[in-house]
């Protein structure tokens, strides 16, 4: 989800869910709401294999080995 700020010049923040959650978790939504109400643009991505993200096809136990790439991709989207 992209929650744009009223001002295009406002700072932007990527809020990443934790553990076994996704961008619909109440903790993520609450934080995003508070940041948005303070004037920030907020991006809420789902990391791969979480929430509405498609299955990555990874076999075995990866334990987030690729999550940093998801966060970097989200940041690239947020700043454009």
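Numbering (the working numbering), first residue to last: 96 to 175.
Glycine is no exception: its CB is placed at the ideal position from the N, C-alpha and C atoms.
Just so you know, these numbers come straight off a predicted model, no measurement behind them.
Going by other Cβ atoms of all chains shown within 10 Å of its Cβ, with 16 needed for buried, is residue i buried or exposed?
i, result
"residue 113", "exposed"
"residue 41", "Since the displayed the chain opens at 96 and closes at 175, residue 41 lies outside it and no answer follows."
"residue 115", "exposed"
"residue 109", "buried"
"residue 165", "buried"
"residue 99", "exposed"
Short check: CB of residue i to CB of residue j, under 9 Å?
i, j, result
"residue 142", "residue 97", "no"
"residue 131", "residue 173", "no"
"residue 169", "residue 134", "no"
"residue 111", "residue 140", "yes"
Could you give the DSSP three-state label for residue i: helix, strand or coil?
i, result
"residue 139", "coil"
"residue 121", "helix"
Report the partner residues of residue i according to the DSSP bridge assignment.
i, result
"residue 170", "In the DSSP output, where bridge partners are listed per residue, residue 170 has none listed."
"residue 107", "136"
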